[in-house]
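To start, the structure under review is shown below, and the notes come after it.
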Amino acid sequence: MNPPPLPPLPNPTERRRSLAVVGAVVAVVAVSTVAYGGVSAWLQPLLALAATLLGVAAAWRWRGGGMRVEAAALALLTLFVAFQLLPLPIAGVGILSPVRAESLRDLSEEAPAWATVSYYTPATREGLAHLLLGAAVFASVAIGVRSGESVRWLLAGLFTVGVAESVLAIGQIAVKAPGIYGDPGLGVGPWVGSFLNHSNFCQLINVSIGAGVGLLLIRASDQRRRAGRSRRRVSLNGYLQEQGVLVCGLAVQVVAIALSFSRGGALGMALGLSALAVVGGLGQKKGAWGWWVISSAFLAAATLLMVGGEAFYERISSAEVGAAYDDRLELSAAVAGVGWRHGVVGTGLGTHRFVFPAFDTTQSSALAEQADNDHAQLFEETGAVGVLLVGLFLAALVSRGARTVRRSKSSTRYALYGVLYALAACGVQSLGDFGLRLPAVFCAMAAMCGLTPALAARSAERLSVGARPFSRPSWASLAVAIAVLVVGAMFTRLAWRDYQAGQWASVAYGLEQDLLRSDWDGDSADYVDLLAAAQTASEVCPADVELAYWLNAYRWQAFVGGADPSELVAEPAGREVAEQLVAELVKTRALCPTYGPTHTLEGKVRLALGDLAGFDRIETGYALTPNDPEACYAAACVACLRVPPDPERAKALLRRCVGLSEFHYREAAGLLIDFFSDYATPTEWAVGDDERLRALADLADQRGRDDLAEDFRKDSMDLTAAQVAEGGATAEQIVTVASRIRQEGDLERAIDLYRQALALQHGNVVWRLKLADMLAELGRFEEAYREARLSFRLKPGWEPARKRMEELILKVEQNETFPVPDWDDAGRRSADDPAEASPDPSPAEGQGGPSE
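Take the sequence shown: its position 469, counted from the start at 1, is 469 in the UniProt record's numbering, and no numbers get skipped.
Structure, rendered in structure tokens:
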């Protein structure tokens, strides 16, 4: 019997190149993870450059043969998405996508002669860039990873990224961080690591767990082989001594998923482990399955019970679970319906948020941004062609992995069980969550999937005598490398352009927020800066419909200010400006006819010009974005302005508007009162809401209904007082009740309430001075002086506090029961002054309160 052939000797050059590929792939995943999962604008040019380099390296080393089905499916999918960007005669579009052709005829001024299958080409181009990045990572691993050492390093790198991300999330929970990296404005909480969504976080961690499982099984197999050669049994103690670090890392990731409050992440992890147990077999005599499953599960469960088992149980078993999944099922069904209407070619990769809002029935603006079902969204955006190609790719991958596990005798084959876990866990989670489209997640998944053909090729090399792992590239490889370089350079340049436009858009957004804080009451210089930044962003990316829309929205706001638009357009110069704006909006609408806000804004401008076509344009904007509160409010205005008015439709639209955005309540209530003298409907919406009741009181005051205003204020005050009594009121609500009680003469109770409010807002000097006044009314001059002095120390130089201190110090001297302190101009005691009963805390630098 002939002995099995020996594997070829390692080539030093091949080894260095394989490790370089592994390092580059792990670096892409790590940097993307740190940058909020890869969504940061500055990262996109770097990712495009990385995709180019990885693609060129893979093409240079490609020798043909192997993974033919996977390569063909991936190449055809890439070409299909590129085809979605190709301009076609409108007749051809009508054959491939009749709904797309119909929308172009209905929503455009005139049907274009040429059009793309994609509803919005910039979004599809971005999706194609991400697809190319994932393909480059997959190909570089599949072609470049050939040694067992490089397989182990790749798994270790991906596992380390996941463990570090889990430690970050758990650490942020431990220190009660207000958000990602301590920023309260980022993410839903500290439990999401560096991601903006816990579902995205869990998908990366599940991929990393797959890498850890594969590495653990490889090392366990190596340990078992060493023990077999020495004829020793592997004990649990010996197993944990060698694999304890990996087991602890897996346990940390399991705990991080549990504490992330992601039901989909926990479900995906459970089903992934179940699939792994079924395929691997817990009862295998020579396997290490039992050891790692039992030890990891036990350690994770124990840690979870110690740090957050109760919170996890409440999240999983809450009554909101059914409602949440009902919403997601409804959303998935609606997304699949859109895909069915565009069954062959889809709407264009990445176009979901520009197409789906018109079909959204959940009345949730948050859910409409993503499908919360990656599978349904794939069908929606790529149609049957895309689904078939992705299915073919996955089927070929699973088939090749199964063959490799059966035929290979190398311990590295166990890495494929980690690939199985990652595919199962993320595949299940993607049925009710989203996240596979984030660079960090899909790059990690692509790297894991790339191990399947890599290990299959490595197994074939080991079974063949005289295999040559390294040779000169062929002409075909050279041609592919050149093509990849050209395409990569083009996408890198486009990504850099998008980054520049995003920077200018960020500047415009910051200036907009400054104007919003002053209720758009800025001078001409503020508006000039705002328009300059927005125009520069739009000029850098002229095909971006959102940048063009916001530029025109800023122009309209700068033109109108706080005046009546109909009065402004009555002047010839004003009318000319409005007509130019309409012309710009028509051009913007052509960039993406299904983008509803453009239709709504154009309708507003047309109505200001007296053009009744504005009615239809606003109705179209509402039909395209029914979950946009601005569109709802504009459509309600149209219902009020029509002859005859339609009060029922107006009420329904305004109810929807208020349900979507609390900030529109005052406007919605004012509209109903002005057009229909309807106080009953806004009152119904205000039941149990003290802020809405106060807004109603203000509206009634402005319209001369003092009787109603008094009733609304009384109801609001009673409601606020009840909230204060229950202990769940804000500082502002407490002060509101305290002011009313003070007017009624109960100063002691009012003082107690003011102290409660100041415990929540220590630096509010206005409230503190009012507290001093009430204390002085009761003759408690010493306490009043302390409060006035603390106000002055919190806000040095504040004249009202200085005057109050001068008045109160005379009262204290006359009372002769309290030693008069020696204070300087900054409100501080002299060093030799013994008259301090209890030191006040020093104010933080820059801390102060609102002036009177």
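The C-beta atom is built at its ideal place from N, Cα and C for all residues, glycine as well.
* To do: For the segment 636 to 686, list the alpha helix (DSSP H) runs that are entirely contained and at least 4 residues long, ordered along the chain.
  => Counting only unbroken stretches of 4 or more residues, the alpha helix (DSSP H) elements lying wholly within the segment 636 to 686 are 647 to 660, 665 to 676, 680 to 685, in sequence order.
* Could you tell me the distance, in whole angstroms, from the CA atom of LEU96 to the CA atom of ALA384? => Along the sequence shown, read from residue 1 onward, the residue named residue 96 stands at position 96. Along the sequence shown, read from residue 1 onward, the residue named residue 384 stands at position 384. The alpha-carbon of LEU96 is positioned some 12 Å away from that of ALA384.
* Beta-carbon proximity of VAL141 to ALA454, cut-off 8 Å -> If you number the sequence shown from 1, residue 141 lands on position 141. If you number the sequence shown from 1, residue 454 lands on position 454. Yes, Cβ-Cβ distance for VAL141 and ALA454 is below 8 Å.
* To do: Give me the Cα-Cα distance between GLY134 and LEU438, rounded to the nearest whole angstrom.
  => The count along the sequence shown starts at 1 and reaches residue 134 at position 134. The count along the sequence shown starts at 1 and reaches residue 438 at position 438. Rounded to whole angstroms, the separation of the alpha carbons of LEU438 and GLY134 is 10 Å.
* Rounded C-beta distance between LEU154 and VAL145? I'm assuming under 8 Å. -> Here residue 154 refers to the residue found at position 154 of the sequence shown. Here residue 145 refers to the residue found at position 145 of the sequence shown. Between the beta-carbon of LEU154 and that of VAL145 there is about 6 Å, and that keeps the pair under the 8 Å contact cut.
* Sorted by chain position, which residues of the same chain lie with C-beta nearer than 6 Å to ARG481's C-beta, five sequence neighbours on each side aside? -> Position 481 of the sequence shown, counting from 1, holds the residue named residue 481. Note on residue identity: the sequence assigns Ala, not Arg, to residue 481. Here the set comprises VAL56, ALA59, TRP60.
* Asked: Just checking my contact of GLY348 with GLN84 at CB under 8 Å: how many whole Å lie between their CB atoms?
  -> On the sequence shown, residue 348 is found 348 positions in, with the first residue counted as 1. On the sequence shown, residue 84 is found 84 positions in, with the first residue counted as 1. With 8 Å as the limit, GLY348 and GLN84 qualify as a contact, their Cβ atoms being about 5 Å apart.
* Assign THR792 to one of two classes, buried (16 or more other C-beta atoms within 10 Å of its C-beta) or exposed (fewer than that). => Along the sequence shown, one-based indexing puts residue 792 at 792. Reading off the sequence shown, one finds Phe at residue 792, where the question assumed Thr. Residue environment: PHE792 is assigned as buried (16 or more neighbouring CB atoms within 10 Å of its CB, all protein chains considered).
* Grouping DSSP H, G and I as helix and E and B as strand, with all else coil, what is VAL321? -> Within the sequence shown, the letter at position 321 stands for residue 321. Residue confidence is low: VAL321 scores 44 on pLDDT, short of 50, so the model does not pin down where it sits. No coordinate-derived value is stated.
* To do: State the DSSP-derived secondary structure class of residue 854, mapped to helix, strand or coil.
  => Outside the displayed span of the chain (1 to 852) sits residue 854, for which this structure offers no information.
* Which residue from PRO682, THR600, ALA784 puts its Cα closest to that of LEU671? -> Stepping through the sequence shown from its first residue, residue 671 is reached at position 671. Looking at PRO682, THR600, ALA784, the one whose alpha-carbon comes closest to that of LEU671 is PRO682.
* What are the boundary residues of the alpha helix (DSSP H) that includes PRO572? -> To locate residue 572, count along the sequence shown from 1; it is residue 572. Unbroken alpha helix (DSSP H) run through PRO572: 572 to 591.
* To do: Pair every Cβ in the segment 441 to 456 with every Cβ in the segment 239 to 257, then say whether three or more of these pairs are closer than 8 Å.
  => As far as the Cβ criterion goes, the segment 441 to 456 does not touch the segment 239 to 257, which means the pair count is below three.
* Does the segment 585 to 592 come within contact of the segment 542 to 552, defined as at least 3 CB pairs closer than 8 Å? -> Three or more pairs of CB atoms, one per stretch, sit closer than 8 Å, so the segment 585 to 592 contacts the segment 542 to 552.
* Asked: Can you give the Cα-Cα distance for THR536 and ALA501, rounded to whole angstroms?
  -> Numbered from 1 along the sequence shown, position 536 holds the residue referred to as residue 536. Numbered from 1 along the sequence shown, position 501 holds the residue referred to as residue 501. When rounded, the distance between both Cα atoms is 7 Å.
* Between the Cα of CYS541 and those of TRP496, LEU204, VAL812, spot the shortest distance and give me the residue it belongs to. => Here the question's residue 541 lines up with position 541 in the sequence shown. For CYS541, the nearest C-alpha among the options comes from TRP496.
* Could you tell me if GLU630 is buried or exposed, where buried requires 16 or more neighbouring beta carbons within 10 angstroms of its beta carbon? => Residue 630 sits at position 630 when you count from the first residue of the sequence shown. The Cβ neighbour count for GLU630, taken over all protein chains shown within 10 Å, is at least 16; the residue is labelled buried.
* To do: Run the CB neighbour count on ARG225, radius 10 Å, all protein chains shown included, and call it buried at 16 or more, exposed below.
  => The count along the sequence shown starts at 1 and reaches residue 225 at position 225. With fewer than 16 Cβ atoms within 10 Å of its Cβ, ARG225 is classed as exposed.
* Asked: Just the Cα atoms here: how many angstroms apart are ILE673 and ASP773?
  -> The sequence position of residue 673 within the sequence shown is 673, counting from 1. The sequence position of residue 773 within the sequence shown is 773, counting from 1. Those two C-alpha atoms are separated by around 40 Å.
* When GLN172, CYS592, GLY614, THR594 are compared against LEU601, the one with the closest alpha-carbon -> Here residue 601 refers to the residue found at position 601 when the sequence shown is read from its first residue. Of the listed residues, the one whose Cα sits closest to LEU601 is GLY614.
* Should LEU124 go down as buried or exposed, given a rule of 16 or more other Cβ atoms within 10 Å for buried? -> In the sequence shown, the residue the question calls residue 124 occupies position 124. The question names Leu, yet the displayed sequence has Thr at residue 124. With 16 or more Cβ atoms within 10 Å of its Cβ, THR124 is classed as buried.
* Answer with buried or exposed for ASP521, where buried requires no fewer than 16 other C-beta atoms within 10 angstroms of its C-beta. => Locating residue 521 in the sequence shown gives position 521, counting from the first residue. Result: exposed.
* To do: Using a threshold of 8 Å, state whether the C-beta atoms of GLY193 and ALA174 are closer than that.
  => In the sequence shown, residue 193 corresponds to position 193, counting from 1. In the sequence shown, residue 174 corresponds to position 174, counting from 1. In this structure, ALA174 does not lie closer than 8 Å to GLY193 by Cβ.
* Give every residue of the same chain whose Cβ lies closer than 7 Å to the Cβ of ALA700, excluding the five residues on either side of it in the sequence, and list them in chain order. => Stepping through the sequence shown from its first residue, residue 700 is reached at position 700. Excluding residues up to 5 positions away in sequence, LEU708, ALA709, PHE712 lie with their Cβ nearer than 7 Å to the Cβ of ALA700 in the same chain.
* Closer than 8 Å by C-beta to GLN723: which residues in its own chain qualify, once you throw out the five before and the five after it? Chain order, please. => On the sequence shown, residue 723 is found 723 positions in, with the first residue counted as 1. The residues are ASP690, ALA729, GLN733.
* Asked: What is the rounded straight-line gap between the Cα of ALA578 and the Cα of ALA635?
  -> One-based indexing of the sequence shown puts residue 578 at position 578. One-based indexing of the sequence shown puts residue 635 at position 635. If I take the Cα positions, the gap works out to 20 Å.
* Asked: In whole angstroms, what is the alpha-carbon distance linking ARG760 and PHE393?
  -> As a working note, residue 760 is residue 760 in the sequence shown. As a working note, residue 393 is residue 393 in the sequence shown. It should be noted that the sequence gives Leu, not Arg, for residue 760. If I take the Cα positions, the gap works out to 58 Å.
* In terms of residues, what are the limits of the alpha helix (DSSP H) holding TRP504? -> Here residue 504 refers to the residue found at position 504 of the sequence shown. Unbroken alpha helix (DSSP H) run through TRP504: 475 to 517.
* To do: Could you work out which residue in LEU47, LEU107, LEU388, ALA75 is closest to THR598 when comparing CA atoms only?
  => Here residue 598 refers to the residue found at position 598 of the sequence shown. The option with the nearest alpha carbon to THR598 is LEU107.
* Between the CA atoms of ALA220 and GLN241 - distance to the nearest angstrom -> Stepping through the sequence shown from its first residue, residue 241 is reached at position 241. Stepping through the sequence shown from its first residue, residue 220 is reached at position 220. Taking the straight line from one Cα to the other gives about 11 Å.
* **Nearest neighbour of residue 854, chosen from GLY688, VAL737, ALA725, PHE675 [CA to CA]** => Examination of residue 854 is not possible in this model, given that the chain is present from 1 through 852 alone.
* Asked: Do the segment 331 to 345 and the segment 394 to 405 touch if we need at least three Cβ pairs shorter than 8 Å?
  -> Not touching, per the Cβ criterion.
* Asked: To which residues of the same chain is PHE356 closer than 8 Å at the C-beta, ignoring the five residues directly before and after it?
  -> As a first step, residue 356 must be located in the sequence shown, where it is residue number 356. The beta carbon of PHE356 is closer than 8 Å to those of ALA334, VAL335, VAL338, ALA368, ALA371, GLU380 in its chain, skipping five residues each way along the sequence.
* **Test item: CB-CB of PHE163 and GLY418 under 8 Å** => Numbered from 1 along the sequence shown, position 163 holds the residue referred to as residue 163. Numbered from 1 along the sequence shown, position 418 holds the residue referred to as residue 418. The sequence shown places Val at residue 163, rather than the Phe named in the question. Their beta carbons are not under 8 Å apart, which means VAL163 does not touch GLY418 by this criterion.
* To do: Pull up the DSSP beta-bridge partners for LEU88, would you.
  => Walking along the sequence shown from the start, residue 88 turns up at place 88. The beta-bridge partner set that DSSP reports for LEU88 consists of ALA115.
* **Same chain, Cβ closer than 8 Å to GLU816, five either side skipped, listed in chain order** => The count along the sequence shown starts at 1 and reaches residue 816 at position 816. Bear in mind that the predicted position of GLU816 carries a pLDDT of just 49, short of 50, making it too unreliable to give a figure here.
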